[in-house]
Amino acid sequence: MLIECDPNGDFILDSSELAERFGLSLTDLRRHMRHGSLVSTVEIGTAEHEGTKRVSLRLGNRLWRAVLNDANEVQHEQMTVLRGKSA
Numbered sequence: 003m004l005i006e007c008d009p010n011g012d013f014i015l016d017s018s019e020l021a022e023r024f025g026l027s028l029t030d031l032r033r034h035m036r037h038g039s040l041v042s043t044v045e046i047g048t049a050e051h052e053g054t055k056r057v058s059l060r061l062g063n064r065l066w067r068a069v070l071n072d073a074n075e076v077q078h079e080q081m082t083v084l085r086g087k088s089a
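Residue numbers (the numbering used here): 3 to 89.
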């Protein structure tokens, strides 16, 4: 997956590749984005992880994460299905 960084430091991901990761059509992914149900975070690596970033995108119970190197190239990615807490 190609991940770019714009001049403001915001990350730009390819919507069609992201839709594929979540198992959605591009139309459905964009609908979720418009409704604010796709949540993203970026963590900057420190100490032994200096120069790396972790991009996380959550939609419902699905969490996609990618670790980027200092050139913003994906080094590792994974999709996790989060389970609810049992009573």
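Cβ coordinates follow ideal geometry from the N, Cα and C atoms, glycine included. All values derive from a computational prediction rather than experimental measurement.
Asked	Found
Test item: CB-CB of E22 and M3 under 7 Å	no
Pairwise C-alpha distance: Q80 and D30	21 Å
Span separating the alpha-carbon of L40 from that of L28	13 Å
Assumed close pair V44, N63 - CB separation to whole angstroms, cut-off 8 Å	At roughly 21 Å, the Cβ-Cβ gap does not stay under 8 Å, so V44 and N63 are not in contact.
Proximity below 7 Å, CB of H34 to CB of L61	yes
Terminal residues of the beta strand (DSSP E) in which R56 lies	K55 to L61
Proximity to D72 [Cα-Cα], best of G86, S58, G47 and L59	G47
Cβ of L40 within 7 Å of any chain B Cβ	Looking at the structure shown, chain B is missing, and only one protein chain is on hand.
Any non-hydrogen atom of the ligand ADP within 6 Å of P9 CB	With respect to small molecules bound, the structure shown includes none, and the ligand ADP cannot be examined in it.
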